[in-house]
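Quick notes on the structure that follows.
Protein chains: 2
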Amino acid sequence: MSTLQTERTTVKRLAKRGNYDRETIVAILDEALICHVAFVLEGSPVVIPTIHTRIDDTLYFHGSAASRMLRSLRNGVETCVCVTLLDGLVMARSAFHHSMNYRSVVIFGKATEVTDRDEKLRVLAALVDHVAKGRSLDARAPNEPELKQTLVLALPITEASAKIRTGGPIDDEEDYTLPIWAGVLPLKLMPQPPIADERLAPGIEEPDYLTNYRR
Amino acid sequence: MSTLQTERTTVKRLAKRGNYDRETIVAILDEALICHVAFVLEGSPVVIPTIHTRIDDTLYFHGSAASRMLRSLRNGVETCVCVTLLDGLVMARSAFHHSMNYRSVVIFGKATEVTDRDEKLRVLAALVDHVAKGRSLDARAPNEPELKQTLVLALPITEASAKIRTGGPIDDEEDYTLPIWAGVLPLKLMPQPPIADERLAPGIEEPDYLTNYRR
Chain E
8 MSTLQTERTT VKRLAKRGNY DRETIVAILD EALICHVAFV LEGSPVVIPT
58 IHTRIDDTLY FHGSAASRML RSLRNGVETC VCVTLLDGLV MARSAFHHSM
108 NYRSVVIFGK ATEVTDRDEK LRVLAALVDH VAKGRSLDAR APNEPELKQT
158 LVLALPITEA SAKIRTGGPI DDEEDYTLPI WAGVLPLKLM PQPPIADERL
208 APGIEEPDYL TNYRR
Chain R
8 MSTLQTERTT VKRLAKRGNY DRETIVAILD EALICHVAFV LEGSPVVIPT
58 IHTRIDDTLY FHGSAASRML RSLRNGVETC VCVTLLDGLV MARSAFHHSM
108 NYRSVVIFGK ATEVTDRDEK LRVLAALVDH VAKGRSLDAR APNEPELKQT
158 LVLALPITEA SAKIRTGGPI DDEEDYTLPI WAGVLPLKLM PQPPIADERL
208 APGIEEPDYL TNYRR
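So the protein lines, in turn, are chains E and R. Here the working numbering is used: the first residue of the first sequence is 8, the next is one more, and so on. Here the working numbering is used: the first residue of the second sequence is 8, the next is one more, and so on.
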């Protein structure tokens, strides 16, 4: 059993879809462009989408120092972060066995604020590179006022699980003879041709990490 | 001011991205294939991805009657549901102004179980049709044991907000002369060619709602 499995990360429903391998979990976190962060605010659940990045065994996310979410989380409250990649629509013969192919990760833990200046700069570069690898080398780095306005939070990836479904539909045996099309419609998040900013300075080439964008 | 705006749905950060129009909110809910449902379990936040559908001013989601999430929510506890559509990566000249183009919706409220048999069947058909329009007419309808195993929850869309970002990067005025490429990389969730199940009965044509899949 992997160290990322705990009582509350153990997948109860459809347990065979559960996975606690660090490599599997990390690959899903790295491919996903956004995560959903949940926390409790005045007794009520709140969930918000945001950008994340991962360095070693820590998940980072960031935002305005004025953000209600980040200010709540900075105080070391419990959070739950979920990342979901949608891979396809599963069409079974029965409505009941319709499903989706997906890869998701759930992490539980307490986030802490990154206050060390060097670490903060390193994480902010990683956040830009998470979106487009190599981009942080091109972009103008944060200046002091920008650094102050940005809150960076770190969540240890120590209590996590992945849930994965792949493959075709699984119908009840007696339904296989029904005259109903069954199979999978794969889905892919595809980059379209980059659109240059109207005010782009002359003579600047489109960077390769965008022309040939891949996740 | 629309009726969907309340104190807690009011977008505080980047308030100009906030939108409370019913039409706008409904369009995002209808386009998204999945939502993230947050709730509080034994004092801690939990967030889980699931399929949803909308009928009129109600959001529905479903799952196994044995699901921990659904059993918690059935008891009328507070929930927060978030739907996010990712439209593009926004590359600014400064790392600080990097962003994403997105359309998201957050709904707050209490879910209740759908117990009426006819309503439950109507919602289950709508859930299948949400994924692929027209599919519920082809698929074998739920039988009695399947109906019993499925829990359907209804969340009124009365307290909600959308948050939308579109367009190119917005840099600080002094950064526009920097020799850095800036613009948007649009992203689209694209259907790939359908893959028929290995055990597909002979002579069954691929349905048009999959061949020409669109959201």
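Each residue gets a CB set at the ideal place from its N, CA and C atoms; glycine is no exception. Bear in mind that the values here come from a model prediction, so they are computed numbers and not experimental data.
| query | result |
| --- | --- |
| For Ser-71/E, the first and last residue of its enclosing beta strand (DSSP E) | 65-71 |
| Length-filtered (3 minimum) beta strand (DSSP E) runs lying within the stretch 133-217 of chain R | 157-163, 167-172 and 190-198 |
| Reduced DSSP category for Val-112/R - H, G, I as helix; E, B as strand; rest coil | strand |
| Proximal chain E residues relative to Lys-19/R, where beta-carbon distance stays under 9 Å | Ala-73, Ser-74 and Arg-75 |
| Neighbour list for Ser-51/R in chain E, Cβ cutoff strictly below 8 Å | Arg-15, Val-47, Glu-85, Cys-87 and Phe-115 |
| The stretch 95-105 of chain E in contact with the stretch 121-137 of chain R per 3-pair CB rule at 8 Å | yes |
| Segment limits, beta strand (DSSP E) that includes Thr-86/R | 85-98 |
| Assigned exposure category for Leu-21/R - 16 Cβ within 10 Å defines buried | exposed |
| Start and end residues, beta strand (DSSP E) containing Leu-21/E | Note, Leu-21/E: premise wrong, no beta strand (DSSP E); not H, not E. |
| The stretch 188-204 of chain R in contact with the stretch 191-204 of chain E per 3-pair CB rule at 8 Å | yes |
| Where the alpha helix (DSSP H) containing Thr-31/E begins and where it ends | 29-38 |
| Proximity to Tyr-220/R [Cα-Cα], best of Pro-56/R, Glu-38/R and Leu-96/R | Glu-38/R |
| Option nearest His-59/R by Cα separation, candidates Ala-139/R, Ala-189/R and Arg-100/R | Ala-139/R |
| Within-8 Å CB hit, Pro-163/E to chain R | no |
| With 16 other Cβ atoms within 10 Å as the buried cut-off, status of Met-8/R | Summary for Met-8/R: the model assigns pLDDT 41, below 50, so the residue's position carries little reliability; its value from the coordinates is reported in the next sentence. Exposed, since its Cβ has fewer than 16 Cβ neighbours within 10 Å. |
| Leu-185/R at chain E interface by Cβ criterion, 8 Å | yes |
| Whether Gln-12/R touches Ser-143/R by CB criterion (8 Å) | no |
| Whole-angstrom distance between Glu-153/E and Asp-178/R, CA atom to CA atom | 13 Å |
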